[in-house]
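Asker: Just so we're on the same page, our numbering is the position in the first sequence counted from 1, plus 184. Note that the Cβ used here is the ideal one computed from N, Cα and C, for glycine as well. Remember, it's a predicted structure, so these values are computed and weren't measured experimentally.
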Amino acid sequence: MSGTRLSQLFLRTLRDDPADADTDGHRLLVRAGFIRRVASGVYAWLPLGQRVLARTAQIVREEMDRIGAQEITVPILQPLELWARSGRDAAYGPLMFRLQDRKEAQFALSPTAEEVVTTLVAGEYSSYRDLPVTLYQINWKYRDELRPRFGLLRAREFLMKDGYSFHVDVDDLKRTYQDMYDAYDRIFTRCGLVFRAVEAEAGEMGGDTNHEFMAVAAVGEDDFVWCPSCEYAANVEAARRRPPTRHEGLVDAPEMEVVDTPDMPGIAPVAAHLGVPESALLKCIVFEVDGADGPELGAALVPGDRDVSVHALALSLAPHPVRLLTDEDFAKRPELTRGYLGPHHAALEVVVADPSVAADHPWVTGANAADRHVRHAVLGRDFAVDEWADLVAVAPGDACPRCGSALAIDRGIEVGHVFQLGTKYSEALDARYQDDAGDQHPMVMGCYGVGVSRIVAAVAEQLHDDDGLAWPAALAPFQVHLVALPGRGEAAEQVSAAADRLYDELTAAGVDVLYDDRDASPGVKFADADLLGLPVRLTVGAKGVARGVAEARLRATGAERELALDAVVAVLTDAPSS
RNA sequence: CGGGCUGUGGCGCAGUUUGGUAGCGCGCUUCGUUCGGGACGAAGAGGUCCCGGGUUCAAGUCCCGGCAGCCCGACCA
Numbered sequence: 185m186s187g188t189r190l191s192q193l194f195l196r197t198l199r200d201d202p203a204d205a206d207t208d209g210h211r212l213l214v215r216a217g218f219i220r221r222v223a224s225g226v227y228a229w230l231p232l233g234q235r236v237l238a239r240t241a242q243i244v245r246e247e248m249d250r251i252g253a254q255e256i257t258v259p260i261l262q263p264l265e266l267w268a269r270s271g272r273d274a275a276y277g278p279l280m281f282r283l284q285d286r287k288e289a290q291f292a293l294s295p296t297a298e299e300v301v302t303t304l305v306a307g308e309y310s311s312y313r314d315l316p317v318t319l320y321q322i323n324w325k326y327r328d329e330l331r332p333r334f335g336l337l338r339a340r341e342f343l344m345k346d347g348y349s350f351h352v353d354v355d356d357l358k359r360t361y362q363d364m365y366d367a368y369d370r371i372f373t374r375c376g377l378v379f380r381a382v383e384a385e386a387g388e389m390g391g392d393t394n395h396e397f398m399a400v401a402a403v404g405e406d407d408f409v410w411c412p413s414c415e416y417a418a419n420v421e422a423a424r425r426r427p428p429t430r431h432e433g434l435v436d437a438p439e440m441e442v443v444d445t446p447d448m449p450g451i452a453p454v455a456a457h458l459g460v461p462e463s464a465l466l467k468c469i470v471f472e473v474d475g476a477d478g479p480e481l482g483a484a485l486v487p488g489d490r491d492v493s494v495h496a497l498a499l500s501l502a503p504h505p506v507r508l509l510t511d512e513d514f515a516k517r518p519e520l521t522r523g524y525l526g527p528h529h530a531a532l533e534v535v536v537a538d539p540s541v542a543a544d545h546p547w548v549t550g551a552n553a554a555d556r557h558v559r560h561a562v563l564g565r566d567f568a569v570d571e572w573a574d575l576v577a578v579a580p581g582d583a584c585p586r587c588g589s590a591l592a593i594d595r596g597i598e599v600g601h602v603f604q605l606g607t608k609y610s611e612a613l614d615a616r617y618q619d620d621a622g623d624q625h626p627m628v629m630g631c632y633g634v635g636v637s638r639i640v641a642a643v644a645e646q647l648h649d650d651d652g653l654a655w656p657a658a659l660a661p662f663q664v665h666l667v668a669l670p671g672r673g674e675a676a677e678q679v680s681a682a683a684d685r686l687y688d689e690l691t692a693a694g695v696d697v698l699y700d701d702r703d704a705s706p707g708v709k710f711a712d713a714d715l716l717g718l719p720v721r722l723t724v725g726a727k728g729v730a731r732g733v734a735e736a737r738l739r740a741t742g743a744e745r746e747l748a749l750d751a752v753v754a755v756l757t758d759a760p761s762s
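(1) If I follow the unbroken beta strand (DSSP E) through H395, where does it start and stop?
(2) Use the C-beta contact count for L756: other C-beta atoms within 10 angstroms, 16 or more gives buried, fewer gives exposed.
(3) Compute the Euclidean distance between the alpha carbons of G725 and A367, then round it to the nearest angstrom.
(4) Give me the Cα-Cα distance between C468 and P527, rounded to the nearest whole angstrom.
(5) Once DSSP output is grouped into helix, strand and coil, what is the label at L237?
(6) If Y632 and G252 are in contact, beta carbons under 8 Å, what's the gap, nearest whole angstrom?
(7) Grab the span of the beta strand (DSSP E) containing F350 for me, first residue to last.
(8) Tell me the DSSP secondary structure of V244 in three-state form.
(9) For V435 and D406, what's the separation of their Cα atoms in angstroms?
(10) If you check the beta carbons only, do L343 and I322 fall under 8 Å apart?
(11) From what residue to what residue does the beta strand (DSSP E) around I593 run?
(12) Just how far apart, CA to CA, sit K325 and R272?
(13) By a C-beta neighbour count over all protein chains shown, 10 Å radius and 16 as the cutoff for buried, is R507 buried or exposed?
(14) Taking C-beta to C-beta, are M398 and G596 nearer than 8 Å?
(15) So, under 8 Å CB-CB, P539 and D574 are touching, yes? Tell me the CB distance rounded to an integer number of Å.
(16) On the CB-based measure, 16 or more other CB atoms within 10 Å of its CB, does E388 come out buried or exposed?
(17) State the DSSP-derived secondary structure class of M549, mapped to helix, strand or coil.
(18) If contacts are defined as beta-carbon pairs under 8 Å, then L357 and Q624 qualify, I think. What distance do you get, rounded to the angstrom?
(19) Quick check: what's the CA-CA separation for L330 versus L669?
(20) Mind the definition here: the stretch 223-241 touches the stretch 295-314 only if three or more C-beta pairs lie below 8 Å; say whether that holds.
(21) Output needed for L532: all residues of its chain with C-beta closer than 7 Å, excluding positions within five of it in sequence on either side, in chain order.
(22) What does DSSP give as the partner residues of H648 in its beta bridges?
(23) Report the residue from V729, Y699, P656 and F710 whose alpha carbon sits nearest the alpha carbon of A676.
(24) Compare the C-alpha of L659 against each of F218, D206, D204 and T197 and name the closest.
(25) Check F662 in the structure and name its three-state DSSP category.
(26) Based on the DSSP output, what are the partners of A748 in its beta bridges?
(27) List the whole-angstrom C-beta distance separating V400 from R380, where the pair is believed to meet the contact cut-off of C-beta under 8 Å.
(28) Return helix, strand or coil for A452, following the three-state DSSP convention.
(29) Can you find the residues in the same chain that come closer than 7 Å, C-beta to C-beta, to T303, ignoring five residues on each side of it along the sequence?
(30) Suppose contacts are defined by Cβ-Cβ distances below 8 Å. Is R211 in contact with P202 by that definition?
(31) Let's see if you can read the secondary structure: which residues bound the beta strand (DSSP E) around M629?
(32) Taking A502 as the reference, which of H351, V536 and A339 has the closest Cα?
(33) Along the alpha helix (DSSP H) that carries A496, what are the first and last residues, could you check?
(34) Taking all protein chains shown into account, do 16 or more other C-beta atoms lie within 10 angstroms of the C-beta of E288, making it buried, or fewer, making it exposed?
(35) Is S311 helix, strand or coil when you go by DSSP?
(36) Since Q290 sits in a beta bridge, which residues does DSSP pair it with?
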C-alpha cells in the first residue's frame, strides 16, 4: 500500500519557473507539483505535497502526545461574539476574515483559537484538581494578510498546530512551557531544519516570557541575533548588547561652539563636512510619551553610527506608551527643526540615553536651529540625561550580553512560538478555578504555535539545489524513487520485469516507493527525480540488470552505490536514508 | 493604504507603439525513429486575448470604468 506508480500519480512537473514565485523553495514546490496556487496566499496541496504536509503534522502530533498534550479539533468557523468578549475582535481588525450566515449572525474564520479553547476549558473545568491540562489542535488558520508572500511562507490559509495549557500558577506553567520548548526542539530537529530558539520581545503585558523558533533562511522575514560562543539568541527586537562602560565625570573640552552645516539634516553629511567619524555625532530621536499631565516630549540619544531600538525605548519608559514623531507632528511644531535637534532643546521634558553616550569625548549634535550644529557638547555640562537605557539596536559585532563575544545576525523564518500568556484570556473569558481553600483564581495560561505548512516551506527553502528539492527522510513523500530504464533493446522486458519485481518487493516490505514506470526517456526521468527530491533514487537499467545490480543514489549528497538486485530490499529497509 | 508593473490555450512568453487572418517555446494527443541526464520528425487538439461599457466598417491593440495578480513601501505574527 505504500507504493505509487508515477504513471498513475496526479502530477505534472513544470519545466519553466512559475512567474509568481520568487524564492527557491516556493518555485521548486510549484515546479515539482507539490502545490498549486488557487488565490493569493491560498494553495492547493497535490498528492506529493499532501504527503509531506501529513508527515510534518504527524511529527508534531507525536511530539505533542509525548508530553501529554491532548489533541482536539475546534471550529474554524467561529462566532465573532467570542472575539468581542476578549477584545481581540478589534485588535485583529481587518486581519480576520469575517462572514455572516443567512440570519446575518457574524462569524470569523479562525486566525488562532485562544478564545474558543479557553471558553471550552472554562465550561468543563473549575477545580485546581483538574489542572494542569494541555490541549492542541492541528487545523487550518486564516489571516487576511496585507501582503501574502513567498508562497506558503506567508499564506492567508495555513496549517498550524496551536496548543494551550491551563495552570493553577506560574510555576506550573513554567514546567509545561519547558516541556513544550523541548518538544519544539525535537520537532524541528526531526524535520531536518537548521533552526535556533530565540528570545522574543516581551508582549504588552511586560513580564511575559516567550521564545520563537527560527528556521535559518535568507528569505526569512525576521532578523535574529545569536552568539557563536554561548547559547544567547534573541529576536533582533528583543536583543540587547552588553552595554559599554560609562565614562564618569565631565569630559574636558572647549566651550560649545555653533558651526554652519547648511542643508545637512543627516548624520553622514555633517560628519563628512566636519571631518569627524559618524560615531562622534549624537543622534537625537524625538518622541512623545504619555506622562501624568498628558503627552511629554522626549529625546532618545545614541551615537551617530547606531540606530535606536524603538522596542528598547518603549521598554525603558514602560508602562507609559511611546510614539515617535511623524512628519505631521514635525509640521505642527516648527520649533522642532528636524535634522538639527540636540539634547539641550528647551522643549524636551525627558532625555533617555544609551550608556555609550557617556563617552570619553564631547559630541557633535544639532544646534536646535536649521542649518546649524554644535560641537564640543559635553554631557553634564551642555546637556543632561534623565534616564539611561540600552537603546542601541544590536548590530553584528556587538558584545554578547552573556559572554561578551561578538554577536552575529541572521535572517529566519518563524516556524514556532511558545508563549507564557498569564491570565489575559482567562480573565477576559472567565476561565477560573477554585483552590483548596475555596477561593476563585483565573487560570494561568500558556499558548504554543507551530506553523506546520510553514515548516514545509522552510524545509524546501533550506534543502534544495539548482536541480530540485532534497527532502529529509522524515518528511519525504516517498523514501525511494525507483526509476526503470528498460529502453528498447533486447533486455527491455527483462529490465521492466526486474523493476516491477523490485517495486513489489519494496512495497511489500513497507518501503514508501514511487515507481517511475512511465514510457519516458532517461533524461526526463532523472530530471524529474532530482526535482521531486526523494532521498534515495534507485535506477534499474539494462547494464545493471545484466550484472544483477541496481544503482542507488542519495539525492542530498549525490553519493552512489550499486546494490545487488536481491539485496536491495534488505539494504533499504535496514536504513532507508543511508 | 501609497508607488510601480502585469493580465493573451495547462505553464512560460511575443503580439498592443502604428486597429485588419491570434502566434512562439514547453506541456498534451496520434504515428514513426530514438532510449543512462529534460531526443527528433510529421500530423493534431486546445484560446470568451481578465470583466463591463464605449469609439470604429473592423478592437488583443484605442478610450472609460471595474476586477485580479506580482514587486517595493507602510503594516503585522
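Answerer: For this structure:
(1) Here residue 395 refers to the residue found at position 211 of the first sequence. Per DSSP, H395 belongs to the beta strand (DSSP E) from N394 to V400.
(2) Counting from one through the first sequence, the residue named residue 756 turns up at place 572. Classification of L756: buried, given that the 10 Å Cβ count is 16 or more.
(3) Stepping through the first sequence from its first residue, residue 725 is reached at position 541. Stepping through the first sequence from its first residue, residue 367 is reached at position 183. Their backbone Cα atoms lie some 44 Å apart in a straight line.
(4) Reading the first sequence from its first residue, position 284 is the one you call residue 468. Reading the first sequence from its first residue, position 343 is the one you call residue 527. C468 and P527: Cα-Cα distance of roughly 7 Å.
(5) Taking the first sequence and counting its residues from 1, the one referred to as residue 237 is at position 53. Residue state, collapsed to three classes: helix.
(6) Here the question's residue 632 lines up with position 448 in the first sequence. Here the question's residue 252 lines up with position 68 in the first sequence. The pair is not a contact, with the Cβ atoms about 13 Å apart (cut-off 8 Å).
(7) One-based indexing of the first sequence puts residue 350 at position 166. Residue range E341 to H351 is occupied by the beta strand (DSSP E) that includes F350.
(8) Taking the first residue of the first sequence as 1, we reach residue 244 at position 60. Under the three-state reduction of DSSP output, V244 falls in the helix class.
(9) Residue mapping note: residue 435 aligns to position 251 of the first sequence, counting from 1. Residue mapping note: residue 406 aligns to position 222 of the first sequence, counting from 1. Each residue's Cα considered, the two are about 40 Å apart.
(10) Against the first sequence, residue 343 aligns to sequence position 159. Against the first sequence, residue 322 aligns to sequence position 138. Yes, the Cβ-Cβ distance between L343 and I322 is below 8 Å.
(11) The residue given as residue 593 occupies position 409 in the first sequence. DSSP places I593 in the uninterrupted beta strand (DSSP E) bounded by A592 to G606.
(12) Locating residue 325 in the first sequence gives position 141, where the first residue counts as 1. Locating residue 272 in the first sequence gives position 88, where the first residue counts as 1. Answer to the nearest angstrom: the Cα atoms are 16 Å apart.
(13) The residue given as residue 507 occupies position 323 in the first sequence. Label assigned to R507: exposed.
(14) As a position in the first sequence, residue 398 is number 214, starting the count at 1. As a position in the first sequence, residue 596 is number 412, starting the count at 1. In this structure, G596 lies closer than 8 Å to M398 by Cβ.
(15) Counted from its first residue, the first sequence places residue 539 at position 355. Counted from its first residue, the first sequence places residue 574 at position 390. With a Cβ gap of about 7 Å, P539 and D574 count as contacting.
(16) Counting from 1 along the first sequence, the entry for residue 388 is found at position 204. With a pLDDT of only 48 at E388, under 50, the local geometry of the prediction cannot be trusted, and the value read off the model is given with reservation. Exposed: under 16 other Cβ atoms inside 10 Å.
(17) The residue labelled residue 549 in the question sits at position 365 within the first sequence. With the sequence shown as reference, residue 549 is identified as Thr, and Met is not the correct amino acid for it. T549 falls in the strand class under three-state DSSP.
(18) Here residue 357 refers to the residue found at position 173 when the first sequence is read from its first residue. Here residue 624 refers to the residue found at position 440 when the first sequence is read from its first residue. The pair is not a contact, with the Cβ atoms about 18 Å apart (cut-off 8 Å).
(19) In the first sequence, counting from the first residue as 1, residue 330 sits at position 146. In the first sequence, counting from the first residue as 1, residue 669 sits at position 485. If I take the Cα positions, the gap works out to 49 Å.
(20) Counting C-beta pairs with one atom in each stretch, the stretch 223-241 and the stretch 295-314 have fewer than three that are closer than 8 Å, which means they do not touch.
(21) What you label residue 532 is simply residue 348 of the first sequence in a count that begins at 1. Result list for L532: L481, G482 and A483, in chain order.
(22) Here the question's residue 648 lines up with position 464 in the first sequence. In the DSSP output, where bridge partners are listed per residue, H648 has L653.
(23) As a first step, residue 676 is located in the first sequence; it is residue number 492 there, counting from the start. It is V729.
(24) Residue mapping note: residue 659 aligns to position 475 of the first sequence, counting from 1. The candidate whose alpha carbon is nearest that of L659 is F218.
(25) Residue numbering aside, residue 662 sits at position 478 when the first sequence is read from its first letter. In the structure shown, F662 sits in coil (DSSP, three-state: anything other than H, G, I, E or B).
(26) Translated into positions along the first sequence, residue 748 becomes position 564. Partner(s): V733.
(27) Translated into positions along the first sequence, residue 400 becomes position 216. Translated into positions along the first sequence, residue 380 becomes position 196. About 7 Å separates the two Cβ atoms, so the contact holds.
(28) Working through the first sequence from its first residue, we reach residue 452 at position 268. In the structure shown, A452 sits in a helix (DSSP, three-state: H, G or I).
(29) Within the first sequence, residue 303 is the residue found at index 119, counting from 1. In its chain, beyond the 5 residues on either side, L266 and L613 have a beta carbon closer than 7 Å to the beta carbon of T303.
(30) Residue 211 sits at position 27 when you count from the first residue of the first sequence. Residue 202 sits at position 18 when you count from the first residue of the first sequence. Yes, the Cβ-Cβ distance between R211 and P202 is below 8 Å.
(31) In the first sequence, counting from the first residue as 1, residue 629 sits at position 445. Element bounds for M629: V628 to G635.
(32) Position 318 of the first sequence, counting from 1, holds the residue named residue 502. If we check each option's Cα against that of A502, V536 comes out closest.
(33) For this step, residue 496 is matched to residue 312 along the first sequence. Unbroken alpha helix (DSSP H) run through A496: V494 to L501.
(34) Looking up residue 288 in the first sequence gives position 104. With fewer than 16 other Cβ atoms from the protein chains shown falling within 10 Å of its own Cβ, E288 counts as exposed.
(35) For this step, residue 311 is matched to residue 127 along the first sequence. In this structure, S311 counts as strand in the three-state DSSP scheme.
(36) Taking the first sequence and counting its residues from 1, one reaches residue 290 at position 106. Looking at the DSSP output, Q290 shares a beta bridge with Q284.
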